[in-house]
Each structure stands twice: as C-alpha cells, then as structure tokens.
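Please read the structure below before turning to the comments.
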Amino acid sequence: MVKENLGKIKGFSIQFLPYSEIRGLDSTQRIKKILGIVLSNNILLIQGRLEAEEETRLIEDTMAMIDHVKNFKGIELAVIGSDGNAGFLGKFRTKLVNAIAGGDIGAVTIVGPATIVKEIKRNPKKIELLLKK
Amino acid sequence: MVADILKNFFKKIFSNLFSQKRELKLGFYGPPNAGKTSLANRICKDFTGEEIGSVSKVPHETRTVQFKEKVEINYKGKSMTFKIVDTPGIATKIDYEDFLKYKLKRGEAKTRAKEATQGVVESIKWLDDMDVVVIVLDGTQNPYNQVNITIIGNLVARKIPVLIVANKIDLRKTNLKKIEAAFPEYDVVGISARYGKNLEEFYESIFKLAKKVK
Numbered sequence: 001m002v003k004e005n006l007g008k009i010k011g012f013s014i015q016f017l018p019y020s021e022i023r024g025l026d027s028t029q030r031i032k033k034i035l036g037i038v039l040s041n042n043i044l045l046i047q048g049r050l051e052a053e054e055e056t057r058l059i060e061d062t063m064a065m066i067d068h069v070k071n072f073k074g075i076e077l078a079v080i081g082s083d084g085n086a087g088f089l090g091k092f093r094t095k096l097v098n099a100i101a102g103g104d105i106g107a108v109t110i111v112g113p114a115t116i117v118k119e120i121k122r123n124p125k126k127i128e129l130l131l132k133k
Numbered sequence: 001m002v003a004d005i006l007k008n009f010f011k012k013i014f015s016n017l018f019s020q021k022r023e024l025k026l027g028f029y030g031p032p033n034a035g036k037t038s039l040a041n042r043i044c045k046d047f048t049g050e051e052i053g054s055v056s057k058v059p060h061e062t063r064t065v066q067f068k069e070k071v072e073i074n075y076k077g078k079s080m081t082f083k084i085v086d087t088p089g090i091a092t093k094i095d096y097e098d099f100l101k102y103k104l105k106r107g108e109a110k111t112r113a114k115e116a117t118q119g120v121v122e123s124i125k126w127l128d129d130m131d132v133v134v135i136v137l138d139g140t141q142n143p144y145n146q147v148n149i150t151i152i153g154n155l156v157a158r159k160i161p162v163l164i165v166a167n168k169i170d171l172r173k174t175n176l177k178k179i180e181a182a183f184p185e186y187d188v189v190g191i192s193a194r195y196g197k198n199l200e201e202f203y204e205s206i207f208k209l210a211k212k213v214k
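Line by line, the protein sequences give chains A and B. Heads up: the first sequence begins at 1 in our numbering, then just goes up one per residue. Heads up: the second sequence begins at 1 in our numbering, then just goes up one per residue.
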C-alpha cells in the first residue's frame, strides 16, 4: 500500500472518488480506502462527506499511522457541506435529498497527505489547496 | 412501556434532587496552542489555588489528558462543582521538524511528536466521557479549520452541550465576529485566558451550559 516516493511531490495525482464507491462500505472499510489512496501520494476528492464519528476515526487512524509509516506526517482534511447557511426550508430539502441518496452527496471532502498539501484554506464556500514546494 | 415511563420519572426526580451536587465533567477541547490549558489553569487557580498543567509557545505542550476534580466554581452566589478535563490539542498532522523551529533537539522533537500523536487519540477517546465541552479556539486563526468542525460534529452527535470560546481577545488580530459567523448555532464567548479578560461572561455561559446536561 505504501509507495517509496511518499512525501515527494513528483508523481502525485488527484483522484476523485464518487459517493457510489463508498456508499456500501462500513466505517472501517471507508477509512482504509481513503488512507490507502492518500498514502499512495494522492490528493483525494470525495463526493459527499463522512459521518462525524468517521471523521474522528480518520484522525485517530492517521495519528496511529504517523508512528508506524515512514515519512507519513498526517493529512490535511477539509469538507464543504451542501447546506451552508441555507434557511429552514433549504436545510429541510437538503436533509430530504440526503436521506434519499443515503448520504450528503452535495458535500465535497478533500484529503491529502501533509507531505504534499501544506494547507487547505477553507472559507464557507471556497477551498484553497496550498501545496508544498 | 409503563416501566420506561416510571424509570424516566424517577430518573428525572433524582437528577433534579442531586443536579446541584453532581460533579460535571467539563472538557476543554480544540486545536493545539489555542489556550486550553491557560484557560483551565485560570479556572483551577481561581477556585482551588492550583494550576492543572504547564503552558508553552511550542505546540502540543499538553500531550496527555490532565484533570482536576471537585473544582467548585462560584459565580454571583451560584455554585457548581466540576471535574475539569484539559485535553491535548487535536490535529490531523504532526511533523517533528516543526518543533525544531522552537530550538528543540532532534531527539526531543521526535519524542514530542510521538507523544503528541498519542495525545490526539487519547483526547478523542475521552469525548464520550464528557458532560459539557468548551471548544477553545485561537481567535487570531481561521475558525473554518476542519478539526474544529469535526469535534463539534461529534459533540452534536453525542448530544453533549458545547460552548465556543474565542481566546486571545487581547490580541489585535483576533476576529470574534468571524468566529461567531462560522458557528452561528452556538454561543461564542471572547476571552483572554492569559489576562483573565471577560471571564464573567464565560462563567455565566458555563452555568447556562451545565443546565442543558441531560
């Protein structure tokens, strides 16, 4: 799973993961899949977002991996939700769509290895990805 | 059904009877270097005369969960007893090389990084045990940090009452309005843990928060 060039910018790619790829996975499988992609020097764009508990689990597993995977320094993570500052009706509509789709498919999650991604600047409706030199 | 109703009835009666005596676990969470320990120290010093832990400019100074029991906070004639739980800062990345900038030796930096990763895991594990949580943010930093949003999301999922504290209001760079705009559904209190500014509003908010505990 871990490539030797982890941490070097040369050769990184951006991968897109549609929600259909993670919809049927349980939390453990989702996190394993995400970390597997990130550890292979990829910046990952995921359609949708993880559950709150899955996000903390992702952080926990990341911390455990820093101690065990050479050159791995952690991840940069950002999520833009689909509901934003919508009013009551907007939020209700979003919840209804999410319930039908089985997840918040209007959201976008970005995960990248900290060795490549210096910072993800997040404002309510904008994400800026700053890469390391 | 009837058993459940009776159970809830007696639970409510007993919790009302003892709510003022029970020691609530008050957790301090947030990113590294936001001032969690400074604030916890300020409270513990004010009400017990002792501090809870050391503070430093070097991030991840707190690397294990530290707590002080039976801290009785008295404010405007009201009194509540808390177990103050100060947690290591939660981060998604930890690089020992970042500590070298603070003139730590390479070995020390590596040890600090290793302990810091374990501290993050410990912080997350303690989330389940909290009755109320104060999220301490550095008011000079961008509040839309995913760590902040993730912690709050978890607390909401666990139905744990949350208060957001924007620390470092003594610094000109602090933007309280930006933090309020980022978390419109929560009470945000601006304080300076270092200089003890606006702690009255903080204590008032803590008492209000404690009432939301189920």
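Ideal Cβ placement from N, Cα and C applies to all residues, glycine included.
Give me, in chain order, the residues of the same chain whose beta-carbon lies closer than 8 Å to that of residue i; leave out the 5 immediate sequence neighbours on both sides.
i: residue 122 (chain B); result: 64, 65, 87, 88
i: residue 110 (chain A); result: 43, 44, 45, 46, 76, 77, 78, 79, 120, 127, 129
i: residue 62 (chain A); result: 35, 74, 75
i: residue 146 (chain B); result: 92
i: residue 47 (chain B); result: 71, 72, 73, 74
i: residue 100 (chain B); result: 106, 109
For residue i, does the three-state DSSP call read helix, strand or coil?
i: residue 13 (chain A); result: strand
i: residue 203 (chain B); result: helix
i: residue 214 (chain B); result: coil
i: residue 80 (chain B); result: strand
i: residue 17 (chain B); result: For residue 17 (chain B), the pLDDT reaches just 49, beneath the cut-off of 50, and the residue's location in the model is therefore unreliable, leaving the point undetermined.
i: residue 141 (chain B); result: coil
i: residue 109 (chain A); result: strand
i: residue 179 (chain B); result: helix
i: residue 114 (chain A); result: coil
i: residue 29 (chain B); result: strand
i: residue 160 (chain B); result: coil
i: residue 122 (chain A); result: strand
i: residue 74 (chain A); result: strand
i: residue 196 (chain B); result: coil
i: residue 186 (chain B); result: coil
i: residue 19 (chain A); result: helix
i: residue 75 (chain B); result: strand
i: residue 109 (chain B); result: helix
i: residue 154 (chain B); result: helix
Return the residue from the list the options that minimises the CA-CA distance to residue i.
i: residue 199 (chain B); options: B:117, B:101, B:120, B:74; result: B:74
i: residue 205 (chain B); options: B:153, B:177, B:165; result: B:165
i: residue 107 (chain A); options: A:121, A:16, A:54, A:79; result: A:79
i: residue 30 (chain A); options: A:13, A:55, A:15; result: A:55
i: residue 134 (chain B); options: B:172, B:144, B:151; result: B:151
i: residue 133 (chain A); options: A:33, A:112, A:118, A:25; result: A:118
i: residue 195 (chain B); options: B:38, B:132, B:30; result: B:38
i: residue 98 (chain B); options: B:214, B:36, B:32, B:76; result: B:32
i: residue 105 (chain A); options: A:95, A:19, A:13; result: A:19
i: residue 25 (chain B); options: B:102, B:172, B:130; result: B:130
i: residue 114 (chain B); options: A:67, A:124, A:92; result: A:67
Who are the neighbours of residue i on chain A, taking C-beta pairs under 9 Å?
i: residue 157 (chain B); result: 51, 52, 53
i: residue 90 (chain B); result: 56, 59
i: residue 142 (chain B); result: 121, 122, 123
In chain B, which residues lie with their C-beta within 7 Å of the C-beta of residue i?
i: residue 77 (chain A); result: 92, 146
i: residue 66 (chain A); result: 94, 117
Apart from the five residues on each side of it in sequence, which residues of its chain come closer than 6 Å, Cβ to Cβ, to residue i?
i: residue 174 (chain B); result: 139, 140, 168
i: residue 16 (chain A); result: 45
i: residue 17 (chain B); result: Because residue 17 (chain B) sits at a pLDDT of 49, beneath the cut-off of 50, its placement in the model cannot be relied upon, and the point is left open.
i: residue 118 (chain B); result: none
i: residue 112 (chain A); result: 43, 76
i: residue 35 (chain B); result: 136, 167, 193
i: residue 187 (chain B); result: 163, 205
i: residue 68 (chain B); result: 44, 52, 84
i: residue 58 (chain A); result: 31
i: residue 171 (chain B); result: 140
Which chain A residues are close to residue i, counting only those with a beta carbon under 8 Å from its beta carbon?
i: residue 149 (chain B); result: 79
i: residue 120 (chain B); result: 59, 60, 63
i: residue 124 (chain B); result: 56, 59, 60
i: residue 153 (chain B); result: 52, 55
Can you pull the chain B neighbours of residue i, defined as C-beta to C-beta under 8 Å?
i: residue 33 (chain A); result: Those within 8 Å of residue 33 (chain A) in chain B number zero; the least Cβ separation is about 17 Å.
i: residue 114 (chain A); result: 92, 93, 95
What whole-angstrom Cβ distance do residue i and residue j have, given they're in contact under 8 Å?
i: residue 110 (chain B); j: residue 96 (chain B); result: 5 Å
i: residue 78 (chain B); j: residue 202 (chain B); result: Contact flag wrong, Cβ pair sits at about 14 Å.
i: residue 161 (chain B); j: residue 83 (chain B); result: Not quite, the Cβ-Cβ distance comes to about 15 Å (not below 8 Å), so this is no contact.
i: residue 137 (chain B); j: residue 94 (chain B); result: Actually they do not touch by this definition, with Cβ atoms about 19 Å apart.
i: residue 126 (chain B); j: residue 27 (chain B); result: 7 Å
i: residue 52 (chain A); j: residue 154 (chain B); result: 5 Å
i: residue 90 (chain B); j: residue 124 (chain B); result: 7 Å
For residue i, which residues of its own chain have a beta-carbon under 7 Å away from its beta-carbon, when the five flanking residues on both sides are left out?
i: residue 70 (chain B); result: 23, 81
i: residue 50 (chain A); result: 30, 58, 109
Interface residues of chain B around residue i at Cβ under 9 Å?
i: residue 74 (chain A); result: 91, 92, 93, 94, 95, 117
Against residue i, what residues of chain A qualify as contacts under a CB-to-CB distance less than 7 Å, listed in chain order?
i: residue 33 (chain B); result: Simply none; closest approach about 16 Å.
i: residue 114 (chain B); result: 67
Does the beta carbon of residue i fall short of 7 Å from some heavy atom of the ligand FMN?
i: residue 198 (chain B); result: Among the ligands in the structure shown, none appear at all, so the ligand FMN cannot be discussed.
Q. Taking any Cβ of chain E, which residues in the stretch 158-178 of chain B have a Cβ under 7 Å from it, in chain order?
A. In the structure shown, chain E does not exist; the protein chains are A and B.
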